[in-house]
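What follows is a single structure, written as structure tokens, with notes after it.
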Amino acid sequence: MDGSNQRANIMLQRVMTSRAEHAVRGFPLTGMTRPAFALLLLVLAAATTVTAAPLQADALLAWKASLAASPALSSWTNATPVSVCSSWRGVACDAAGRVTSLKLRGLGLNGTLDALDAAALPALAVLDLNDNNISGVIPASLSRLRSLAALDLGSNWLNGSIPPQLGDLSGLVDLRLYNNNLAGDIPHQLSRLPGIAHLDLGSNYLTNQQDYRRFTPMPTVTFLSLYLNYLNGSFPEFILKSGNITYLDLSQNTLSGPIPESLPENLPNLVCFNLSTNAFSGRIPTSLSMLEKLQDLRVSNNNLTGGIPEFLGSMSQLRGLELGSNPLGGSIPPVLGRLEMLQRLDIMNAGLVSTIPPELGNLGNVNSMELDMNQLTGVLPPELSGMRQMREFGISSNKLTGHIPPALFTSWPELISFQVQNNSFSGRIPPELGKAAKLQILYLFSNNLVGSIPAELGELVSLEQLDLSVNSLTGPIPS
1 MDGSNQRANI MLQRVMTSRA EHAVRGFPLT GMTRPAFALL LLVLAAATTV
51 TAAPLQADAL LAWKASLAAS PALSSWTNAT PVSVCSSWRG VACDAAGRVT
101 SLKLRGLGLN GTLDALDAAA LPALAVLDLN DNNISGVIPA SLSRLRSLAA
151 LDLGSNWLNG SIPPQLGDLS GLVDLRLYNN NLAGDIPHQL SRLPGIAHLD
201 LGSNYLTNQQ DYRRFTPMPT VTFLSLYLNY LNGSFPEFIL KSGNITYLDL
251 SQNTLSGPIP ESLPENLPNL VCFNLSTNAF SGRIPTSLSM LEKLQDLRVS
301 NNNLTGGIPE FLGSMSQLRG LELGSNPLGG SIPPVLGRLE MLQRLDIMNA
351 GLVSTIPPEL GNLGNVNSME LDMNQLTGVL PPELSGMRQM REFGISSNKL
401 TGHIPPALFT SWPELISFQV QNNSFSGRIP PELGKAAKLQ ILYLFSNNLV
451 GSIPAELGEL VSLEQLDLSV NSLTGPIPS
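Residue numbers (the UniProt record's numbering): 1 to 479.
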């Protein structure tokens with residue numbers, strides 16, 4: 001302790017002694033003493049801040065020293081303690097000079113968290129190290145950051161297990177550990193975080209063998225992502241009891257069984273719901289029609305059967321609908337043309353035996369449509385030209401016949417990919433293709449097209465991939 005701190009402490013002790021003596025004798029503090037006492041408290045507070053600043057600086061410098069040398073932290077130097085708050089990159093402080101935020105996202109930092117002294121940062125509320133090269137384990141000592149509200153260690157190279165001690169961070173609202181190499185069970189202690197709203201553990205190697213089954217309901221969670229892990233078994237029960245979830249991503253696991261009929265009752269606020277690439281089976285529940293806020297439904301690449309349900313056409317709020325890579329069977333319901341807000345439709349490889357309903361041309365906001373690898377027959381309806389936002393169109397590997405409608409290319413100014421290969425289209429290649437100025441991918445191979453290649457294709461300056469093979473085309477190739 002330096003001389004100024006010693007003097008401040010001595011003066012405070014004297015005032016406290018004087019205050020005690022007055023109280024013992026039954027005399028109140030005089031008008032002269034009250035301001036003096038308040039002033040000395042301010043002096044002591046300032047002295048305490050000066051004392052705390054070097055501790056914070058030393059702790060951060062020690063951690064910096066443990067990292068590989070990086071120009072990103074060149075401002076972290078042994079300057080005055082005040083510089084920690086005023087000039088150190090990514091550091092923010094409160095009015096008392098205590099470090100409250102470390103935002104070091106995407107700086108290429110290389111090292112571990114082992115040397116980070118959590119005890120020296122009692123006021124730290126935000127720790128953001130996303131998108132660096134931090135490796136090693138997540139230290140259990142981070143649980144000593146009692147003021148922490150947001151912890152983002154996503155997109156690093158962290159390994160080992162998630163410390164159950166993180167469940168002691170009672171003020172934590174936002175926890176992001178996605179895109180690392182974390183393994184082992186998800187600790188059930190995380191479900192006890194009383195105010196957690198955003199929990200993202202996606203893209204790791206996490207399992208649900210033991211602790212996961214001990215999870216309790218998480219009523220404060222609105223965003224929950226566990227995608228791309230090693231979770232198995234049925235739809236997690238604790239999630240059905242976490243009724244405020246709006247964004248739920250359980251994709252790319254091996255979860256199985258039916259999609260719960262009780263979803264609308266238990267999770268009425270769902271906006272985004274992603275179960276793609278699992279092993280769910282059975283029909284798409286009709287109860288989903290009661291999810292009035294649902295905008296994005298992704299259940300592709302499962303074992304769902306029973307056809308595309310008609311009720312989906314009544315979910316007018318849908319922006320994304322992905323049902324592909326399921327053995328659904330049946331036909332494409334024309335009522336899907338009522339989804340006027342839809343932007344993305346994926347029903348590829350779904351065992352569909354159908355024609356393409358002209359009503360799909362009413363989907364004026366669709367920019368991506370994948371109908372590939374089904375058993376679609378009939379013609380390509382010219383009414384599809386009404387999908388004026390179309391960017392990526394795929395109907396390859398079907399049994400479609402007739403001509404390719406020229407109106408598509410004058411009505412789809414944003415088109416970048418047109419893939420209709422492996423069908424039975426006939427006639428000439430429409431010269432209007434030259435109007436698709438942004439086209440990058442054009443696959444017309446393995447059809448029954450005839451005639452010459454239109455010179456207008458030479459105007460497609462953005463074209464990167466072109467395949468016209470296995471047709472009956474003649475004449476020169478346009479320059």
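We put the beta carbon where it would ideally sit given N, CA and C, even for glycine.
Whole-angstrom distance between S287 and F393, CA atom to CA atom: Here residue 393 is taken as the residue at index 393 of the sequence shown, counted from 1. Here residue 287 is taken as the residue at index 287 of the sequence shown, counted from 1. Distance between the alpha carbons of F393 and S287: 30 Å.
Assuming G282 contacts T305 (C-beta within less than 8 Å), just tell me the rounded distance between them. On the sequence shown, residue 282 is found 282 positions in, with the first residue counted as 1. On the sequence shown, residue 305 is found 305 positions in, with the first residue counted as 1. 7 Å between Cβ atoms; contact.
Near the ligand ZN: L433 beta-carbon under 7 Å from a heavy atom: You won't find the ligand ZN in this model; it holds no ligand whatsoever.
Round the Cβ separation of Q343 and N367 to the nearest angstrom and send it over; I've been treating them as touching at under 8 Å. Taking the sequence shown and counting its residues from 1, the one referred to as residue 343 is at position 343. Taking the sequence shown and counting its residues from 1, the one referred to as residue 367 is at position 367. Yes, Q343 and N367 are in contact; Cβ-Cβ is about 6 Å, under 8 Å.
For P357 and L250, I'd like the C-alpha separation in whole angstroms. Locating residue 357 in the sequence shown gives position 357, where the first residue counts as 1. Locating residue 250 in the sequence shown gives position 250, where the first residue counts as 1. Roughly 32 Å between the two C-alpha positions.
Inter-residue Cα distance where the pair is T216 and I239: In the sequence shown, residue 216 corresponds to position 216, counting from 1. In the sequence shown, residue 239 corresponds to position 239, counting from 1. Spanning the two alpha carbons is a distance of roughly 9 Å.
Cβ of I395 within 8 Å of Cβ of L376? As a first step, residue 395 must be located in the sequence shown, where it is residue number 395. As a first step, residue 376 must be located in the sequence shown, where it is residue number 376. Going by C-beta atoms, I395 is nearer than 8 Å to L376.
Taking the alpha-carbon of N303 as reference, which of A279, L182, L442 and M315 has the nearest alpha-carbon? For this step, residue 303 is matched to residue 303 along the sequence shown. When each option's Cα is compared against that of N303, the closest is A279.
How is N132 classed by DSSP in three states: helix, strand or coil? Position 132 of the sequence shown, counted from the first residue, corresponds to residue 132. N132 falls in the coil class under three-state DSSP.
Please report the distance separating the alpha-carbon of I429 from that of S397. In the sequence shown, residue 429 corresponds to position 429, counting from 1. In the sequence shown, residue 397 corresponds to position 397, counting from 1. Roughly 18 Å separates the two Cα atoms.
Going by DSSP in three states, A436 sits in which element: helix, strand or coil? The residue given as residue 436 occupies position 436 in the sequence shown. A436: coil per DSSP, three-state reduction.
Skipping 5 residues on each side, what residues in its chain have a beta carbon closer than 6 Å to that of Y247? Counting from one through the sequence shown, the residue named residue 247 turns up at place 247. These residues qualify, in order along the chain: F223 and C272.
Taking DSSP as the reference, what is the three-state secondary structure of V271? Here residue 271 corresponds to residue number 271 of the sequence shown, with the count starting at 1. Reduced to three states, the DSSP call for V271 is coil.
Enclosing beta strand (DSSP E) for S256 [first to last residue]: As a position in the sequence shown, residue 256 is number 256, starting the count at 1. First-last of the beta strand (DSSP E) with S256: T254 to P258.
Spatial neighbours of G26 in its chain, beta-carbon cut-off 8 Å, leaving aside the 5 residues before and after: Counted from its first residue, the sequence shown places residue 26 at position 26. Any reading at G26 must be qualified, since the residue scores a pLDDT of 36, below 50, and its modelled position is unreliable; no value is offered.
Shortest alpha-carbon distance to K64 belongs to which of R105, K103, G106 and G111? Position 64 of the sequence shown, counted from the first residue, corresponds to residue 64. It is G111.
Beta strand (DSSP E) runs wholly inside the stretch 318-355, at least 3 long, in chain order: 320-322 and 344-346
Quick one: using the 10 Å Cβ neighbour count with 16 as the cut-off for buried, is T277 buried or exposed? Numbered from its first residue, the sequence shown carries residue 277 at position 277. Classification for T277: buried.
For a quick check, are the C-beta atoms of residue 483 and A183 less than 8 Å apart? Examination of residue 483 is not possible in this model, given that the chain is present from 1 through 479 alone.
Since L415 contacts A436 with CB under 8 Å, what's their CB separation in whole angstroms? Here residue 415 refers to the residue found at position 415 of the sequence shown. Here residue 436 refers to the residue found at position 436 of the sequence shown. Contact holds; Cβ gap of about 5 Å.
Could you name the residues of the same chain whose beta carbon sits closer than 7 Å to that of E359, not counting the 5 residues immediately before and after it, in chain order? Walking along the sequence shown from the start, residue 359 turns up at place 359. If we look at E359 and ignore the five residues flanking it on each side, its Cβ neighbours are P334 and G337.
So for residue 481, helix, strand or coil by DSSP? Here the chain covers residues 1 to 479 and nothing more, so residue 481 does not appear.
According to the neighbour-count rule (16 or more other Cβ atoms, all chains shown, within 10 Å of its Cβ), is N181 buried or exposed? The residue you call residue 181 lines up with position 181 of the sequence shown. Label assigned to N181: exposed.
Within-8 Å CB hit, P164 to chain C: Here chain C cannot be found, since the structure has a single protein chain.
Would L400 and F425 be called neighbours here (beta carbons separated by less than 8 Å)? One-based indexing of the sequence shown puts residue 400 at position 400. One-based indexing of the sequence shown puts residue 425 at position 425. In contact: L400 and F425 (Cβ atoms closer than 8 Å).
Apply the 10 Å Cβ neighbour rule to Q252 and answer buried if 16 or more other Cβ atoms are within range, or exposed otherwise. The sequence position of residue 252 within the sequence shown is 252, counting from 1. Buried, because 16 or more other Cβ atoms sit within 10 Å of the Cβ of Q252.
Taking the runs of the alpha helix (DSSP H) that are 4 residues or longer, which of them lie wholly in the stretch 74-156? 83-86
Might you give, ordered along the chain, the residues of its own chain that have their beta carbon closer than 6 Å to the beta carbon of L379, omitting 5 neighbours on each side? As a working mapping, residue 379 is identified with position 379 in the sequence shown. Looking at the sequence itself, residue 379 is Val, so the reference to Leu does not match. The residues are G402.
Taking the alpha-carbon positions, what's the L345 to L371 distance? Position 345 of the sequence shown, counting from 1, holds the residue named residue 345. Position 371 of the sequence shown, counting from 1, holds the residue named residue 371. Distance between the alpha carbons of L345 and L371 is about 8 Å.
Out of curiosity, what's the CA-to-CA distance linking R89 and S385? Walking along the sequence shown from the start, residue 89 turns up at place 89. Walking along the sequence shown from the start, residue 385 turns up at place 385. Rounded to whole angstroms, R89 to S385 spans 52 Å at the Cα level.
Here's the rule I'm using: 16 or more other beta-carbon atoms within 10 Å means buried, otherwise exposed. How should A118 be labelled? Residue mapping note: residue 118 aligns to position 118 of the sequence shown, counting from 1. So A118 ends up on the buried side.
With DSSP as the reference, identify every bridge partner of H198, one or two as the case may be. Looking up residue 198 in the sequence shown gives position 198. Per DSSP, D174 and F223.
S147 and G171 closer than 8 Å at C-beta: Taking the sequence shown and counting its residues from 1, the one referred to as residue 147 is at position 147. Taking the sequence shown and counting its residues from 1, the one referred to as residue 171 is at position 171. Yes; because the gap between Cβ atoms is below 8 Å, this pair is in contact.
Mapping DSSP to helix, strand and coil, what is residue 482? Missing from the structure shown is residue 482; the chain here goes from 1 to 479 and no further.
Going by Cα to Cα distance, which pick from L328, D296, R298 and M290 is closest to F311? On the sequence shown, position 311 is the one that residue 311 refers to. For F311, the nearest C-alpha among the options comes from M290.
For a quick check, are the C-beta atoms of P219 and G243 less than 8 Å apart? Walking along the sequence shown from the start, residue 219 turns up at place 219. Walking along the sequence shown from the start, residue 243 turns up at place 243. Contact flag set, yes.
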